[in-house]
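Chemist: In our numbering, the protein residues as written are 135 to 604. Below you will find the structure I want to go over with you.
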Ligand SMILES: Nc1nc2c(ncn2[C@@H]2O[C@H](COP(=O)(O)OP(=O)(O)OP(=O)(O)O)[C@@H](O)[C@H]2O)c(=O)[nH]1
Ligand SMILES: [Mg+2]
């Protein structure tokens with residue numbers, strides 16, 4: 135029995151190697167910060183693939199345009215321990231009456247598709263071997279997990295110092311009051327055993343502070359990321375520590391002191407959460423798409439948009455190649471294409487898309503300039519996985535104006551000009567006199583049979599899969 139299992143496992147590995155050596159396997163990772171549109175994107179992508187050759191409109195996807203695509207089906211995923219992406223649940227939501235967006239997701243999931251096509255390689259055609267398969271694994275994971283990467287390079291003391299610096303911001307400081315106050319009487323050398331419950335309570339307050347930073351200030355650079363998205367680690371002691379921002383210890387604190395315990399938990403977090411994620415998942419990705427909601431910070435503040443820029447910069451460090459730290463070389467050895475996408479472009483009128491793209495480029499650029507990438511192709515696009523609006527031309531003050539039509543989440547129909555998207559990070563007065571009217575839209579009414587409307591999903595497909603389907 136055991137031998138049979140071993141044989142099967144060997145066979146699976148051999149199959150995988152065979153597929154890889156013939157370029158028939160692609161692991162596509164989809165990430166982005168919370169609510170950036172990952173689940174909607176993966177759902178729309180699978181749905182468009184299923185509809186390819188039927189009702190899907192994908193003019194830029196060449197394998198389809200050239201009539202070489204033969205079919206697509208969902209197949210059993212290779213990793214049995216990873217949750218399956220909830221495709222049918224997402225479709226059920228989108229086809230409900232009234233249509234709803236898929237539920238938020240908290241953890242990593244994957245789905246495997248088999249794409250059959252005819253190769254345009256003349257040699258393959260000549261020898262009658264032009265029928266090809268591409269096994270596409272799509273992995274959806276929270277971008278916040280990547281933001282923990284820099285922790286691998288920081289000691290507990292250095293990380294605490296960084297948080298102390300962040301607290302110079304009056305807005306952050308105000309939100310941090312509850313946990314700062316709760317720990318104010320602590321001293322670093324105090325024995326931990328007397329404070330077990332207190333530590334858990336302060337860690338909860340610190341977690342609440344991270345949530346508040348995100349929800350009230352629209353900030354994304356929050357650490358440790360798993361405090362807000364714990365996934366399978368919920369309740370583990372290694373998620374119960376806080377940065378040491380009070381009086382520093384005079385001498386090296388013992389391991390059973392408060393400081394010593396926080397230090398040990400911080401190191402455990404790095405080892406079991408951060409390093410494990412990179413080793414188990416990140417190092418296996420071939421291509422990566424990062425979704426960015428550039429419109430959200432435009433509704434909030436200049437601090438929020440600078441925070442998004444800095445966060446994207448941190449995220450880019452994960453993909454850095456070349457003369458980088460040892461762990462970066464170890465963990466990111468093979469991603470060859472990296473695509474940044476400004477998601478939800480259907481919230482603005484089409485003539486604003488170039489400005490949206492330019493804003494995305496400005497947000498990503500500082501990170502790109504700092505990082506060194508070798509053998510990796512980078513691209514930026516503006517896209518809507520599911521187009522929830524339509525556009526019409528009207529005459530306004532004697533001039534033509536494009537107006538956006540859609541339905542808001544409360545079910546009211548809208549016809550509005552959402553405003554001009556700044557092509558660069560705007561000055562603070564942009565938020566003092568807000569000229570943008572960006573409203574969350576209900577998904578389009580849809581019977582589940584026809585392909586859903588989208589914006590440039592075919593260009594995304596061509597960039598990510600085109601060269602693998604020659
Ligand atoms: N109009 C429009 N809205 C979108 C689109 N994609 C996502 N949204 C909106 O963004 C919200 C979040 O989308 P999700 O796909 O759940 O985003 P996510 O990144 O998976 O979110 P988490 O799982 O919570 O991290 C949705 O509920 C929609 O309101 C899109 O293509 N068009
Ligand atoms: Mg999701």
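We put the CB at the ideal spot given by N, CA and C, even for glycine. In this text the structure is predicted, and so the values were computed from the model without any measurement.
According to the Cβ coordinates, are residue 77 and residue 472 closer than 7 angstroms?
Modeler: This structure cannot settle anything about residue 77, because the visible part of the chain is limited to 135 through 604.
Chemist: Mind checking residue 521: buried by the 16 CB within 10 Å criterion, or exposed?
Modeler: Along the chain shown, one-based indexing puts residue 521 at 387. The residue in question, residue 521, is buried, as its Cβ has 16 or more Cβ neighbours within 10 Å.
Chemist: How would you label residue 491, buried or exposed, when you count the other beta carbons within 10 angstroms and need 16 or more for buried?
Modeler: Here residue 491 refers to the residue found at position 357 when the chain shown is read from its first residue. Buried is the call here.
Chemist: Take residue 402 and list the residues in its own chain whose beta-carbon comes closer than 6 angstroms to its own, dropping the five residues that flank it on each side.
Modeler: Locating residue 402 in the chain shown gives position 268, counting from the first residue. Cβ neighbours of residue 402 beyond the five flanking positions: 372.
Chemist: Around the Cβ of residue 333, are there at least 16 other Cβ atoms within 10 angstroms (buried) or fewer (exposed)?
Modeler: Within the chain shown, numbered from 1, the residue matching residue 333 stands at position 199. So residue 333 counts as buried.
Chemist: Specify which residues have a beta carbon nearer than 5 angstroms to any heavy atom of ligand 2, listing them in chain order.
Modeler: After applying the 5 angstroms Cβ criterion, the set is 172, 173, 239.
Chemist: Report whether the distance from the Cβ of residue 235 to the nearest heavy atom of ligand 1 is below 6 angstroms.
Modeler: Counted from its first residue, the chain shown places residue 235 at position 101. It does: the Cβ of residue 235 is within 6 angstroms (strictly closer) of some heavy atom of ligand 1.
Chemist: Is the beta carbon of residue 250 sitting closer than 7 angstroms to the one on residue 204?
Modeler: Locating residue 250 in the chain shown gives position 116, where the first residue counts as 1. Locating residue 204 in the chain shown gives position 70, where the first residue counts as 1. Yes, the pair counts as a contact, with Cβ atoms nearer than the cut-off.
Chemist: On a CA-only basis, which of 278, 543, 564 is nearest residue 577? Give me that one, please.
Modeler: Position 443 of the chain shown, counted from the start, is the residue given in the question as residue 577. Ranking 278, 543, 564 by Cα distance to residue 577 puts 543 first.
Chemist: Helix, strand or coil: which one does DSSP assign to residue 605?
Modeler: Residue 605 lies beyond the range of the chain shown here (135 to 604); nothing can be said about it.
Chemist: Enumerate in chain order the residues of its own chain whose CB-to-CB distance from residue 280 is below 6 angstroms, with the five nearest sequence positions on each side excluded.
Modeler: Within the chain shown, the letter at position 146 stands for residue 280. 449, 452.
Chemist: Using 8 angstroms as the threshold, is the region 344-352 in touch with the region 225-236, meaning 3 or more CB pairs across them?
Modeler: The region 344-352, when compared against the region 225-236, does not touch it at the 8 angstroms Cβ threshold.
Chemist: Does the distance from the C-beta atom of residue 587 to that of residue 572 stay below 7 angstroms?
Modeler: Counted from its first residue, the chain shown places residue 587 at position 453. Counted from its first residue, the chain shown places residue 572 at position 438. Not in contact: residue 587 and residue 572 (Cβ atoms no closer than 7 angstroms).
Chemist: Answer yes or no: the CB of residue 168 versus the heavy atoms of ligand 1, is any distance below 6 angstroms?
Modeler: Numbered from its first residue, the chain shown carries residue 168 at position 34. Residue 168: yes, Cβ under 6 angstroms from ligand 1.
Chemist: Exposed or buried, what is residue 486 when buried is set at 16 or more other beta-carbons lying within 10 Å of its beta-carbon?
Modeler: Here residue 486 refers to the residue found at position 352 of the chain shown. Residue 486 should be labelled buried.
Chemist: Using 8 angstroms as the threshold, is the region 264-283 in touch with the region 404-416, meaning 3 or more CB pairs across them?
Modeler: Taking 8 angstroms as the limit for Cβ pairs, the verdict is that the region 404-416 does touch the region 264-283.
Chemist: Residue range of the beta strand (DSSP E) that residue 476 falls in?
Modeler: Position 342 of the chain shown holds residue 476. Residues 471-476.
Chemist: Measuring alpha carbon to alpha carbon, tell me which of 327, 182, 184, 397 ends up nearest residue 289.
Modeler: Along the chain shown, read from residue 1 onward, the residue named residue 289 stands at position 155. Comparing Cα-Cα distances from residue 289 to each of 327, 182, 184, 397, the minimum goes to 397.
Chemist: For the alpha helix (DSSP H) that contains residue 424, what are its first and last residues?
Modeler: Taking the first residue of the chain shown as 1, we reach residue 424 at position 290. No alpha helix (DSSP H) holds residue 424; the beta strand (DSSP E) holding it covers 421-426.
Chemist: Whole angstroms is fine: what's the gap from residue 187's alpha carbon to residue 441's?
Modeler: Mapped onto the chain shown, residue 187 falls at position 53. Mapped onto the chain shown, residue 441 falls at position 307. Their backbone Cα atoms lie some 42 angstroms apart in a straight line.
Chemist: Please go through the same chain and pick out, in chain order, the residues whose beta-carbon is closer than 6 angstroms to the beta-carbon of residue 339, but skip the five residues on each side of it.
Modeler: Within the chain shown, the letter at position 205 stands for residue 339. 312, 313, 316, listed in sequence order.
Chemist: Please report the distance separating the alpha-carbon of residue 581 from that of residue 229.
Modeler: Locating residue 581 in the chain shown gives position 447, counting from the first residue. Locating residue 229 in the chain shown gives position 95, counting from the first residue. Rounded to the nearest angstrom, the two C-alpha atoms are 6 angstroms apart.
Chemist: Can we count residue 478 as close to ligand 1, meaning its CB is less than 6 angstroms from some heavy atom?
Modeler: One-based indexing of the chain shown puts residue 478 at position 344. Checking every heavy atom of ligand 1 against the Cβ of residue 478, one is found closer than 6 angstroms.
Chemist: Once you ignore the five residues that flank residue 526 on each side, which residues in its own chain have a CB closer than 8 angstroms to its CB?
Modeler: Within the chain shown, numbered from 1, the residue matching residue 526 stands at position 392. Same-chain partners within the cutoff: 536, 537, 539, 549.
Chemist: Rounded to whole angstroms, what is the Cα-Cα separation between residue 318 and residue 443?
Modeler: Counting from 1 along the chain shown, the entry for residue 318 is found at position 184. Counting from 1 along the chain shown, the entry for residue 443 is found at position 309. When rounded, the distance between both Cα atoms is 33 angstroms.
Chemist: Does any heavy atom of ligand 1 sit closer than 6 angstroms to the C-beta of residue 318?
Modeler: Your numbering for residue 318 matches position 184 in the chain shown. No - ligand 1 has no heavy atom lying nearer than 6 angstroms to the Cβ of residue 318.
Chemist: Within 6 angstroms: the Cβ of residue 282 and any heavy atom of ligand 1?
Modeler: Against the chain shown, residue 282 aligns to sequence position 148. No, ligand 1 has no heavy atom inside 6 angstroms of this Cβ.
Chemist: DSSP has residue 532 in a bridge; who is on the other side?
Modeler: Here residue 532 refers to the residue found at position 398 of the chain shown. DSSP lists no partner for residue 532.
Chemist: Can you tell me which of 546, 469, 484 puts its alpha carbon nearest to the alpha carbon of residue 509?
Modeler: Translated into positions along the chain shown, residue 509 becomes position 375. Of 546, 469, 484, the residue nearest in Cα terms is 469.
Chemist: Tell me whether residue 386 is buried or exposed, calling it buried when 16 or more other Cβ atoms sit within 10 Å of its Cβ.
Modeler: Within the chain shown, numbered from 1, the residue matching residue 386 stands at position 252. Counting Cβ neighbours within 10 Å, residue 386 comes out exposed, since fewer than 16 surround it.
Chemist: Quick check on residue 578: does DSSP put it in helix, strand or coil?
Modeler: Sequence index remark: in the chain shown, residue 578 carries index 444 (1-based). Of the three classes helix, strand and coil, the one that applies to residue 578 here is coil, per DSSP.
Chemist: What does the alpha-carbon distance come out to for the pair residue 591 and residue 294?
Modeler: In the chain shown, residue 591 corresponds to position 457, counting from 1. In the chain shown, residue 294 corresponds to position 160, counting from 1. If you take the alpha carbons of residue 591 and residue 294, they lie about 42 angstroms apart.
Chemist: In whole angstroms, give me the CA-to-CA distance for residue 495 and residue 171.
Modeler: Here residue 495 refers to the residue found at position 361 when the chain shown is read from its first residue. Here residue 171 refers to the residue found at position 37 when the chain shown is read from its first residue. Their backbone Cα atoms lie some 18 angstroms apart in a straight line.
Chemist: For residue 190, which residues of its own chain have a beta-carbon under 6 angstroms away from its beta-carbon, when the five flanking residues on both sides are left out?
Modeler: Mapped onto the chain shown, residue 190 falls at position 56. Counting only Cβ-Cβ distances below 6 angstroms, and skipping sequence neighbours, we find 182, 585.
Chemist: In the structure shown, what three-state DSSP assignment does residue 251 receive?
Modeler: Against the chain shown, residue 251 aligns to sequence position 117. It is a strand residue.
Chemist: When we look at the beta-carbon of residue 563 and count the other beta-carbons within 10 Å, is it buried (16 or more) or exposed?
Modeler: On the chain shown, position 429 is the one that residue 563 refers to. Residue 563 is exposed by the Cβ-count criterion.
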